[in-house]
Amino acid sequence: MRTIDKTYADPLTLVWLHAAAQMGMRVERSAEVNASWDGAGVLTIGTPETLDPDDSLAQMILHETCHALVEGPGCERLLDWGLVNAPDKKVHEHACLRLQAALADTVGMRAFFAATTMFRPYYDALPAAPLADDGDPAVSLATAAWGRATRGPWAKPLQEALQRTAQIARALDGVTSPDALWHGQGLTN
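The following block contains the structure:
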């Protein structure tokens, strides 16, 4: 009988778990939640069978990171980034999605990182420039979050994770079917 001393891990999962760790997040999986931040360093993401078929751990980590960036400094000490009882929660969700789209656009992967919740129609309707002022109150929150995402302490791990994801997507160019989430992604940069 052979000794097994190594295990397979999904490359995309490794990329985003590494990024999360660099941002001070320990990721755990649970069938009890979709996504939840405990305010003490643990980000819990639903298990694969509880998520939609077009969800990935990468997309979920990016989305939760965007929530944190929208809520700003200090939110990491609050349950679910402080959004638990926010009266204008919808505006904050929209800002999160605008930031998510803008970040994904930097590597040509907006469709790959799309929201898969009831907010998907909002995400899909975002303009090519999701941070441009179009009268949506979410824009100012998203623009401030963009500054934190691109110049703050999470900028480097976030950009590296996005770039590595795009590298994986480019490696798959020509081998995915049109119905694959990876199909045609990451090719613009």
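Heads up: the sequence shown runs through residues 27 to 215, numbered per our numbering. A virtual CB, placed ideally from N, CA and C, is assigned to each residue, including glycine.
Sequence-distant residues of the same chain with beta carbon closer than 6 Å to residue i, five excluded per side
| i | result |
| --- | --- |
| Ala187 | Val41, Trp42, Ala45 |
| Ala130 | Arg136, Phe139 |
| Ser56 | Thr70 |
| Ile87 | Trp42, Ala46 |
| Thr142 | Asp78, Asp80, Asp81 |
| Thr76 | Ala57 |
Continuous alpha helix (DSSP H) stretch holding residue i: start and end
| i | result |
| --- | --- |
| Glu90 | 83 to 97 |
| Val53 | Looking at the DSSP string, Val53 is not in any alpha helix (DSSP H); the run it does join, the beta strand (DSSP E), is 52 to 56. |
| Thr39 | 37 to 48 |
| Pro153 | Segment: none, Pro153 is in no alpha helix (DSSP H) and carries neither H nor E. |
Straight-line Cα distance separating residue j from residue i
| i | j | result |
| --- | --- | --- |
| Ser62 | Pro183 | 21 Å |
| Gly210 | Asp106 | 33 Å |
| Val165 | Ala94 | 16 Å |
| Asp162 | Thr73 | 33 Å |
| Pro147 | Pro79 | 17 Å |
| Ala35 | Ile194 | 14 Å |
| Ala154 | Gly100 | 31 Å |
| Asp205 | Leu198 | 13 Å |
| Asp159 | Thr33 | 48 Å |
| Met27 | Val59 | 39 Å |
| Cys122 | Glu102 | 15 Å |
| Gly200 | Thr132 | 22 Å |
| Gln185 | Asp31 | 32 Å |
| Met49 | Gln189 | 16 Å |
Any C-beta of chain C under 8 Å from that of residue i
| i | result |
| --- | --- |
| Pro37 | No chain C is present in this structure, which holds just one protein chain. |
Test item: CB-CB of residue i and residue j under 8 Å
| i | j | result |
| --- | --- | --- |
| Pro156 | Arg177 | no |
| Leu109 | His120 | no |
| Trp172 | Thr91 | no |
| Ser82 | Leu152 | no |
| Arg174 | Gly67 | no |
| Ala127 | Tyr149 | yes |
| Ala84 | Thr202 | no |
Spatial neighbours of residue i in its chain, beta-carbon cut-off 7 Å, leaving aside the 5 residues before and after
| i | result |
| --- | --- |
| Thr6 | The structure shown does not extend to residue 6, since the chain is modelled only from 27 through 215, so no value can be given for it. |
| Thr169 | Leu157 |
| Leu104 | Gly65 |
| Leu207 | Asp80, Phe138 |
| Glu54 | Val68, Thr70 |
Where the beta strand (DSSP E) containing residue i begins and where it ends
| i | result |
| --- | --- |
| Leu77 | Neither: Leu77 is in no beta strand (DSSP E) and is coded neither H nor E. |
| Ala61 | 61 to 63 |
Spatial neighbours of residue i in its chain, beta-carbon cut-off 8 Å, leaving aside the 5 residues before and after
| i | result |
| --- | --- |
| Arg196 | Gly212, Leu213 |
| Ala52 | For clarity, residue 52 is Arg in the given sequence; the question names Ala instead. Ala46, Gly67, Val68, Leu69. |
What residue ranges within the region 105 to 135 form continuous alpha helix (DSSP H) runs of no fewer than 4 residues, ordered along the chain? Counting whole runs of 4 or more residues, the region 105 to 135 contains the alpha helix (DSSP H) stretches 115 to 131.
In chain order, each beta strand (DSSP E) run of at least 3 residues that lies wholly inside the region 158 to 213: none
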